[in-house]
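Asks: Residue numbers are given in the UniProt record's numbering: position 118 of the sequence shown equals residue 118, and the series is strictly consecutive.
Here it is, the structure, as structure tokens.
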Amino acid sequence: MSDKQNGVPDSSGPFSHAVPQERIVADEFVMRRWRVGDVSAMHEAVTSSYGHLHPWMRWLAEPMTIEGAQAFIDSAARGWPTSSGDCNYGIFDAREAVLGGLGLHDCVGPGALEIGYWCHVAHTGQGLITRCVAALTEAALALPGVDRVEIRCDIANVRSVAVPKRLGYRLVERYERPVCTPAESGIGMVWVKASHQ
Numbered sequence: 001m002s003d004k005q006n007g008v009p010d011s012s013g014p015f016s017h018a019v020p021q022e023r024i025v026a027d028e029f030v031m032r033r034w035r036v037g038d039v040s041a042m043h044e045a046v047t048s049s050y051g052h053l054h055p056w057m058r059w060l061a062e063p064m065t066i067e068g069a070q071a072f073i074d075s076a077a078r079g080w081p082t083s084s085g086d087c088n089y090g091i092f093d094a095r096e097a098v099l100g101g102l103g104l105h106d107c108v109g110p111g112a113l114e115i116g117y118w119c120h121v122a123h124t125g126q127g128l129i130t131r132c133v134a135a136l137t138e139a140a141l142a143l144p145g146v147d148r149v150e151i152r153c154d155i156a157n158v159r160s161v162a163v164p165k166r167l168g169y170r171l172v173e174r175y176e177r178p179v180c181t182p183a184e185s186g187i188g189m190v191w192v193k194a195s196h197q
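Given below as structure tokens:
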């Protein structure tokens with residue numbers, strides 16, 4: 001679940017050489033591959049956060065149905081990465097409560113992966129996404145063939161923009177893009193963290 005450019009995996013991209021770990025620990029949080037048993041918890045987290053996520057998330061144009069959650073989880077369970085080039089993680093606390101989600105996407109070209117993220121509305125403003133994106137960035141840059149990680153977001157999404165800024169990503173591009181959600185400005189940003197930074 002990201003702001004993926006074209007949704008098409010790069011068959012010569014990073015995941016053709018290696019795939020990331022299915023479980024990554026970031027402080028007291030665990031990021032792990034979604035499992036079949038996570039459907040209800042994931043659906044509840046997204047549904048509870050709909051008002052917070054809907055203005056920005058292209059994948060959440062309508063409220064998520066339980067069938068939509070099931071299809072997403074089934075796709076994650078079938079392949080790592082999925083057939084569309086995604087490695088999707090849930091973010092969990094020690095009690096296995098869903099705090100958010102992250103995706104590592106092979107869709108931005110050779111040597112690059114894109115990170116997308118969302119946070120449960122009850123856990124925003126606590127540095128959760130920043131810490132998890134930092135850990136996922138490190139894991140991605142450790143993969144053979146990966147020399148950069150990108151975060152793409154709308155310039156008006158100040159919370160999303162704050163994450164790459166805090167983590168030392170460089171702003172490399174601003175570009176016009178179609179407005180697809182209620183809060184988007186139509187100006188996208190591309191933030192990059194390179195392995196040599």
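Glycine included, C-beta positions come from ideal geometry on N, C-alpha and C.
Source: prediction; values computed, not measured.
Should residue 209 go down as buried or exposed, given a rule of 16 or more other Cβ atoms within 10 Å for buried?
Replies: Not covered by the structure: residue 209. The range shown for the chain is 1 to 197.
Asks: Please check the pair A26 and R131, which I expect to be a contact at CB under 8 Å, by giving their CB distance rounded to whole angstroms.
Replies: Correct: roughly 5 Å between the Cβ atoms.
Asks: Would you say D93 and H105 are within 8 Å of each other, going by their C-beta atoms?
Replies: No, Cβ-Cβ distance for D93 and H105 is not below 8 Å.
Asks: Below 8 Å, can you find three or more Cβ-Cβ pairs linking the segment 120-135 to the segment 45-55?
Replies: Yes, they touch.
Asks: Using a Cβ-Cβ cut-off of 6 Å (strictly less than) and excluding sequence neighbours within five positions of N157, which residues of its own chain qualify?
Replies: For N157, where only same-chain residues beyond five positions count, the Cβ hits under 6 Å are W56.
Asks: At which residues does the alpha helix (DSSP H) containing V163 begin and terminate?
Replies: Its alpha helix (DSSP H) spans residues 158-166.
Asks: I believe D147 touches G109 by the beta-carbon criterion, under 8 Å. Please report the beta-carbon distance rounded to the nearest angstrom.
Replies: Not confirmed; about 11 Å, so no contact.
Asks: Which partner residues of G103 appear in the DSSP bridge assignment?
Replies: Per DSSP, N88, G116.
Asks: Taking the alpha carbon of V192 as the point to measure from, which residue in G79, G103, E62, E173 has its own alpha carbon closest?
Replies: Closest option to V192, Cα to Cα, is E173.
Asks: According to DSSP, what are the bridge partners of F29?
Replies: Bridge partners of F29: A26.
Asks: Count the other CB atoms, across all protein chains shown, that sit within 10 Å of the CB of M1; report buried if there are 16 or more and exposed otherwise.
Replies: A caution first: M1 carries a pLDDT of 47, below 50, which makes its placement in the model unreliable, though a value can still be read off. Buried, because 16 or more other Cβ atoms sit within 10 Å of the Cβ of M1.
Asks: Does V121 come out as helix, strand or coil in the three-state DSSP assignment?
Replies: Helix at V121.
Asks: Relative to the C-alpha of L53, which candidate in A194, Q197, H196, P182 has its C-alpha closest?
Replies: Minimum Cα distance to L53 is reached at P182.
Asks: Any idea if G79 is buried or exposed, counting beta-carbon neighbours within 10 angstroms, 16 or more meaning buried?
Replies: Exposed, by the Cβ-count rule.
Asks: Given this structure, state the Cα-to-Cα distance separating R95 from T82, to the nearest angstrom.
Replies: About 27 Å.
Asks: Could you check which residue in G127, L141, Q70, G186 has the C-alpha nearest to that of I91?
Replies: For I91, the nearest C-alpha among the options comes from G127.
Asks: Assign D74 to buried or exposed, taking buried as 16 or more other Cβ atoms, counted over all protein chains shown, within 10 Å of its Cβ.
Replies: With fewer than 16 Cβ atoms within 10 Å of its Cβ, D74 is classed as exposed.
Asks: List the DSSP bridge partners of W191.
Replies: In DSSP, W191 forms a bridge with I151, L171.
Asks: For A76, does the count of other Cβ atoms within 10 angstroms reach 16, so buried, or fall short, so exposed?
Replies: By the neighbour-count rule (16 or more Cβ atoms within 10 Å), A76 is buried.
Asks: Nearest-angstrom Cα distance between C153 and E184?
Replies: If you take the alpha carbons of C153 and E184, they lie about 9 Å apart.
Asks: Does DSSP classify E138 as helix, strand or coil?
Replies: Correct three-state label for E138: helix.
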